[in-house]
Amino acid sequence: MIDKNKNDKFSKQKKNSSITSETVLEMGKIPPQAIDLEEAVLGAIMLEKDALITILDILKPESFYKAEHQKIYDVIRDLSKENQAVDILTVKEELRKRGELDSVGGAYYITQLTNRVASAAHVEFHARIVAQKYIQRELIRISSEIQTLSFDDSVDVLELLDFAENAIFEIAEGNIKKEVTKINVLIDKAIKEIEAAGKKEDGLSGVPSGFTGIDRITSGWQRSDLVVIAARPSMGKTAFVLSMARNMAVNHKRPIALFSLEMSSLQLVNRLIVSETELAADKVRNGRLEDFEWQQLETKVKSLIAAPIYIDDTPAISLFELRAKCRRLKAQHDIQLIIIDYLQLMTAGSDMRGNREQEVSIISRSLKAIAKELEVPVIALSQLNRSVEMRSGDKRPQLSDLRESGAIEQDADIVLFIHRPERYGLLEFEDGSETKGMAEIIIAKHRNGAIGDVRLRFRNEYARFEDYAHDFSGDNTFGQEPAVTYKSKMNQEEIPSDLIQPNKGFDNEAAPF
């Protein structure tokens, strides 16, 4: 652990050691720049409105080396945000209103910028060069700060590494830290989200799991939530998240990222193919398919081919690499959900090796941070301790069974357990119904809602989970089974002992299972 005094001292030293462009000039070196291309870019976006759309996500005001150009581009961006026209006249007028027209070179200079280019044909190419020069200047600044701090023996090396890592990330991804937001803005945003959820057919505010009972309790996986799905080996953790991934990407067209640390990407895809086509797994493995089975495969696999699923099978991926890849996937493909299979196979870095509990704590905390930063739900699979199997009775998992760290329970917004009594030779649930081919999804923690149990059908031959509905009226429609729910677990450490058990509040005739 790093003590507060050292942390404060480090922050002050970091601030004092800041290297600016002026400092670099004093060293006798001219910082990387492309003034002529900066002029060309500004001229192009005042000539053609579509040019601005092309470069808005490439350049920030500070990307420009010349201070005058930073002011001009800032005005252009503000005009665009307010949906006003961007041209020579509007830019001049806005600069005049701000009292900055003379400081940027006057009306004549603004006009001269548009004479730099005949069209906006190459504006993106020019903008990328300007952005590259900015990155070079930032790298010089950061490396100078790192060098200065590295010579200071009073600086904690772990803090320095963290600073260096974050600084490089911010440069690479163009990350801008969020400012404090006034509550009225957040309330307006929340109301709009509530209205949007109300207009949806399913009424879900989050990413649908595709399982009706689970979605009724969670209203879908919510943005910025860390969801931990835990079970003992061979309970079907990977099968469960693959079934969800398929539901989200195929049925709901939600782009998702899946990081598989245990299985290769090809193994995962083969599982998805078996599940989707309902062909025997051994036949798919050895390729001994009949003609009609080949036709079945080619027809049914089309939905998977079109699905926005992005798989990364880097083994023992580090937090550093995971964060970078997630940021890139969010920027390039607007992923709506991240799945990690599984948490205990990740590494927090070489400094934490040897202290596994602390390492897992850092991993779970960092996954929550990624969820908040990217505003997407992060689903992490986790192993359970062997104590589950030593337990007498129905062997239902408990929060205390989470392996290697209590921080997982603390950091997670939702904790789900996959429980298949059939695996332990238990033939019946408490209500007398058969356990064969059934799985119980136990929502043991739900920070912002109810907890409860949901039963799903598990098709072992296809490694697939499905909605399960009891046949009440001869209509065996999937998804009609109500979930058993308890009151919210928010602000309570333990589940009260006096809560009713699943199904105990129903008559035999009316039991939902």
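Our numbering applies: residue 3 is where the sequence shown begins, and numbers increase by one.
The beta-carbon is built from N, C-alpha and C at its ideal position, and this holds for glycine as well.
A quick note: this is a predicted structure, and the numbers were derived from the prediction, not measured.
The Cβ atoms of I416 and L228 lie closer than 9 angstroms to each other. Spatial neighbours of R256 in its own chain (CB-CB distance under 6 angstroms, excluding positions within 5 residues in sequence) are listed in chain order as V209, M250 and Q338. Per DSSP, reduced to three states, the secondary structure at K239 is helical.
Counting along the chain, Q385 sits inside the beta strand (DSSP E) bounded by residues V380 to Q385. Cβ-Cβ distances below 6 angstroms link R234 to L386 and V390 in the same chain, with the five nearest sequence neighbours on each side left out; the list follows chain order. For the pair I219 and S262, the CB atoms are not nearer than the 9 angstroms cut-off. Segment contact: the region 235-244 against the region 419-437, three or more CB-CB distances shorter than 8 angstroms; contact assigned. Across the structure, L49 and L39 are spaced so that their CA atoms are roughly 15 angstroms apart. Going by C-alpha positions, L458 is about 35 angstroms away from A326.
Looking at the DSSP output, F460 sits in a beta bridge with F467. Of I307, V77, R118 and A120, the smallest CA-CA separation from L103 is found for V77. E295 and R461 have their C-alpha atoms roughly 19 angstroms apart. Exposed is the label assigned to I185, since fewer than 16 other Cβ atoms lie within 10 Å of its Cβ. In the assembly as shown, S394 is an exposed residue. Its beta-carbon has fewer than 16 other beta-carbons within 10 Å.
Bridge pairing for M392: absent [DSSP]. Taken through DSSP and simplified to helix, strand or coil, S262 comes out as strand. Beta-bridge analysis with DSSP links T183 to no other residue. Its Cα nearest to that of R287, the residue Q269 stands out among I57, Q269 and E84.
Cα atoms of D413 and R143: separation of roughly 35 angstroms, rounded to the nearest angstrom. Non-local beta-carbon contacts of F419 in its own chain, meaning distances under 7 angstroms to residues more than five positions away in sequence, involve A232, A233, P399, I444 and A446 in chain order. Here I196 is exposed: its Cβ has fewer than 16 other Cβ atoms, across all protein chains shown, within 10 Å. Note on S152: under 16 other CB atoms within 10 angstroms of its CB, so exposed under the neighbour-count rule. Across the structure, K374 and Q224 are spaced so that their CA atoms are roughly 11 angstroms apart. With a 10 Å radius around the Cβ and a threshold of 16 neighbouring Cβ atoms, S305 comes out exposed. For the pair Y136 and D80, the Cα-to-Cα distance works out to about 21 angstroms.
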